[in-house]
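Structure first, commentary second.
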Ligand code: ADP
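Numbering (my numbering), first residue to last: 1 to 238.
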């Protein structure tokens, strides 16, 4: 039988079951964007840049009563071990769509009719959890761009590995034979869920525990997102 990944509640990287990976967030990392952020969940690394509100191209996509979001998610070739083919694929298009839906309900889009807000997310290094890192970064980038929102969206995955409910899975954990992984995005201030995805099988009880674990994770992440924005603001006003 193969060796277990989780022994006595300790994971391969030394974390407890309910711990996120070391999280680093820096706001305002791209001079040429209106807002930006860099996020690291352990070795998963993402940059997000926000442009706008600006004119819509092509014009026919414009909405008379609100702004539209144009979201791009891209994994750069050296983000994974087997150099990835450059460019967008089916997976990146699907992720961009769910990220857009996870963010749009908290943005006051009606304040910017006939405009577009572009959100770019580049995955620099991937070790699972790229969509949740991307959402966490995009939310800080939107706030950094001064886009009005009901609050910050925070995002993390939790799941099951070898029968244990765990927070913020690595690729090694995700690849375990019984593993399931539920990425969740949340308006952490209210606990409102804006993204919840799952493949595989789980009991209602497991799903409830997993979602509760992401709630705790999102609340911790929101504090670090807020700190990153305050640090950027303080640096600008010093
Ligand atoms: P997420 O990154 O949001 O967890 P997935 O579950 O689709 O999304 O992917 C899990 C992980 O699998 C990624 O973070 C990455 O480490 C790896 N992965 C995804 N797509 C590729 C790819 N085309 N080539 C190599 N590894 C990939």
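Think of the CB as a built atom: it goes at the ideal place given N, C-alpha and C, for glycine as much as any other residue.
Are the CB atoms of residue 116 and residue 53 nearer to each other than 8 Å?
Closer than 8 Å, so yes.
With residue 204 as the anchor, note down where its beta strand (DSSP E) starts and where it stops.
Where residue 204 is concerned, there is no enclosing beta strand (DSSP E), although the alpha helix (DSSP H) it sits in stretches over 204-237.
Determine the closest residue to residue 249 out of 33, 165, 181 and 164, with distance taken between C-alpha atoms.
A query on residue 249 cannot be resolved here, the shown segment of the chain reaching from 1 to 238 and no further.
Would you say residue 55 touches the ligand ADP, meaning its beta carbon is less than 7 Å from a heavy atom?
Flag unset: Cβ of residue 55 not near the ligand ADP.
Could you compute how far the alpha carbon of residue 165 sits from the alpha carbon of residue 213?
Approximately 8 Å, taken between the alpha carbons.
Below 8 Å on the Cβ atoms is my contact criterion, and I expect residue 241 with residue 195 to pass it. Report the Cβ-Cβ distance as a whole number of Å.
This structure does not reach residue 241, given that the chain is present from 1 up to 238, and the question cannot be answered.
Would you kindly report the start and end of the unbroken alpha helix (DSSP H) that includes residue 144?
Where residue 144 is concerned, the enclosing alpha helix (DSSP H) stretches over 130-144.
Using beta-carbon positions only, say whether residue 122 and residue 46 come within less than 8 Å of one another.
Yes. Within cutoff.
With a Cβ-Cβ cutoff of 8 Å, do residue 167 and residue 158 count as a contact?
Result yes, Cβ atoms of residue 167 and residue 158 sit closer than 8 Å.
Measuring from the CB of residue 72, is there a heavy atom of the ligand ADP at a distance below 7 Å?
Checking every heavy atom of the ligand ADP against the Cβ of residue 72, none is found closer than 7 Å.
Go through the region 47-126 residue by residue and report every complete run of the beta strand (DSSP E) that reaches 3 residues or more, in order.
Segments of the beta strand (DSSP E) lying fully in the region 47-126: 68-75 and 115-125.
Can you find a heavy atom of the ligand ADP that lies under 7 Å from the Cβ of residue 12?
Not under cutoff, so the answer is no.
Going by DSSP, what residue range makes up the alpha helix (DSSP H) through residue 174?
Looking at the DSSP string, the run of the alpha helix (DSSP H) that includes residue 174 is 171-174.
Starting from the C-beta of residue 100, find all residues in its chain whose C-beta is less than 7 Å away, skip the five residues before and the five after it, and write them out in chain order.
The answer, listed in chain order, is 69 and 71.
Hey, out of 219, 34 and 41, whose CA is closest to residue 49's CA?
Nearest of 219, 34 and 41 to residue 49, Cα basis: 34.
Which residue or residues does DSSP assign as beta-bridge partners of residue 192?
For residue 192, which the question treats as bridged, DSSP gives the partners 187.
Please confirm if the region 214-223 is in contact with the region 181-190, defined as three or more CB-CB distances below 8 Å between the two stretches.
Yes, they touch.
Quick check on the burial criterion: 16 or more other C-beta atoms within 10 angstroms. Buried or exposed for residue 78?
Exposed is the call here.
According to DSSP, is residue 33 part of a helix, a strand, or is it coil?
Residue 33: coil per DSSP, three-state reduction.
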